[in-house]
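Residue numbers (full-length UniProt numbering): 1 to 324.
Here you go:
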């Protein structure tokens, strides 16, 4: 990324950049930047009053609208004190331009289109996602004050939540009947904590197994019971499979439990579930390969074959029974 990817939006006051430029400026100030507003989770503020972080996805389903007043207030307070504010997200294309547009709309009384045109003239790559554009229009209709008491905001939120639930409902896949119908998988999870909580609540998830590479938000030590597997190389993952299988088996003892197995790689999900079927259900590794359609690569099949051989070997019979 170009470390000079910074554009002056409001004369000598407000700037937009990408994440890499913001980090570089934080270490080596340029353009006399005094305040940074981060509209992403990748650059934490660490208790610096001149640096505010608003964490959310660049997704049409993220509720940036309710956070716009605090973002605008941060910019207004900095500017009124004679400061210069850098607003950034990851690419400086969607989230941060949306916030700057909201600030211009509120302080200048201009429309969404006028604000977007002004920002685009100074930074050509600006392109808020469709959901954020819609939220800017609602921000205008709310007279820049979206709250739970505002009828316009409440109507938008009800519709927004219905659309979001439809989107989230498509993110999980129910695994084979051999998994008792209570183990689900997903290669994609929202980074936004609010969306993640809504997703887990919708599907009544009580336990999570996350295998790297995975969405970082599921590594937090909050919410459902979680098992996090950091090993990414298959020969390092193999010794962890008994632990994964035992975790799944123990979780399923609670008949109300529902378990999510998550990784960006479908084959790692299949290896984890396959280990459970082999260790706790006595399913042969060859049969697991047939059950788990995502198990398409030779490496993952080899790992389960090795695991199956370890489980069935005489010296491991006691261990197998104990883990089951």
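By construction, the Cβ of each residue, glycine as well, lies at the ideal position given by its N, Cα and C atoms. This one's a predicted model, so the numbers in the text were calculated from it and none came from an experiment.
For residue 52, the first and last residue of its enclosing alpha helix (DSSP H): Here residue 52 belongs to no alpha helix (DSSP H); instead the beta strand (DSSP E) covers 51 to 53.
Using CA atoms only, rank isn't needed, just tell me which of 121, 109, 38 is closest to residue 53. 38
Does residue 161 pass the burial test, meaning 16 or more other C-beta atoms within 10 Å, or should it be called exposed? exposed
Assign residue 242 to buried or exposed, taking buried as 16 or more other Cβ atoms, counted over all protein chains shown, within 10 Å of its Cβ. Per the 10 Å Cβ criterion, buried.
Using 8 Å as the threshold, is the stretch 80 to 89 in touch with the stretch 123 to 133, meaning 3 or more CB pairs across them? no
Rank 165, 225, 201, 142 by C-alpha distance to the C-alpha of residue 250 and give the top, closest one. Measuring from the Cα of residue 250, the nearest candidate turns out to be 225.
Coarse secondary structure for residue 229, derived from DSSP in three states: strand
Comparing alpha-carbon positions, which option in 310, 191, 112 lies nearest residue 40? Measuring C-alpha to C-alpha distances from residue 40 to each of 310, 191, 112 identifies 191 as the nearest.
Extent of the continuous alpha helix (DSSP H) run through residue 272: 266 to 281
I'd like the span of the beta strand (DSSP E) that includes residue 209, first residue to last. 207 to 211
Reducing DSSP to helix, strand and coil, say where residue 16 ends up. strand
What would DSSP say about residue 189, mapped onto helix, strand or coil? coil
Pair within 8 Å by beta-carbon distance, residue 168 and residue 211: No; because the gap between Cβ atoms is not below 8 Å, this pair is not in contact.
In angstroms with no decimal places, state the Cα-to-Cα distance between residue 103 and residue 187. 36 Å
Taking only three categories from DSSP, how would you classify residue 285? Residue 285: helix per DSSP, three-state reduction.
Whose C-alpha, out of 66, 270, 163, 255, is nearest the C-alpha of residue 204? Per the C-alpha coordinates, the member of 66, 270, 163, 255 positioned closest to residue 204 is 255.
Length of the line joining the Cα atoms of residue 284 and residue 66: Residue 66 has its alpha-carbon roughly 52 Å from the corresponding atom of residue 284.
Checking 8 Å against the spacing of the C-beta atoms, do residue 301 and residue 312 come in under that value? no
Using the three-state DSSP reduction, which class does residue 159 fall into: helix, strand or coil? helix
If we ignore side chains and look at the alpha-carbon of each, how far apart do residue 234 and residue 147 end up? 49 Å
Quick one: residues in its chain with C-beta nearer than 6 Å to the C-beta of residue 276, no 5 flanking neighbours on either side, listed in chain order? 245, 248
Could you have a look at residue 137 and say whether DSSP puts it in helix, strand or coil? Helix, per DSSP.
Inter-residue Cα distance where the pair is residue 64 and residue 304: 44 Å
Flag residue 125 as yes if its beta-carbon sits less than 8 Å from any beta-carbon of chain D, otherwise no. This model lacks chain D altogether; it includes just one protein chain.
Among residues of its own chain, excluding the 5 on either side of residue 74, which ones have a beta-carbon nearer than 7 Å to its beta-carbon? Counting only residues of its own chain and dropping the five nearest sequence neighbours on each side, residue 74 has a CB closer than 7 Å to the CB of 37, 52.
Simplified DSSP assignment, three categories, for residue 38: strand
Which residues in the same chain as residue 221 place their Cβ atom closer than 7 Å to its Cβ, once the five residues preceding and following it in sequence are excluded? Per-residue confidence for residue 221 stands at a pLDDT of 48, beneath the threshold of 50, marking its modelled position as unreliable; the derived number appears in the next sentence. Counting only Cβ-Cβ distances below 7 Å, and skipping sequence neighbours, we find nothing.
Just the Cα atoms here: how many angstroms apart are residue 50 and residue 34? 7 Å
Per DSSP, residue 6 forms a beta bridge with which residues? 17
Since residue 94 and residue 87 should fall inside the 8 Å C-beta cutoff, what is the C-beta to C-beta distance between them, to a whole number of angstroms? Wrong, their Cβ atoms sit about 12 Å apart, outside the cutoff.
If you follow the beta strand (DSSP E) that residue 259 is in, where does it begin and where does it stop? For residue 259, the enclosing beta strand (DSSP E) stretches over residues 259 to 262.
Using the Cβ count rule (16 or more neighbours within 10 Å means buried), how would you classify residue 263? Answer is buried; the Cβ neighbour count reaches 16.
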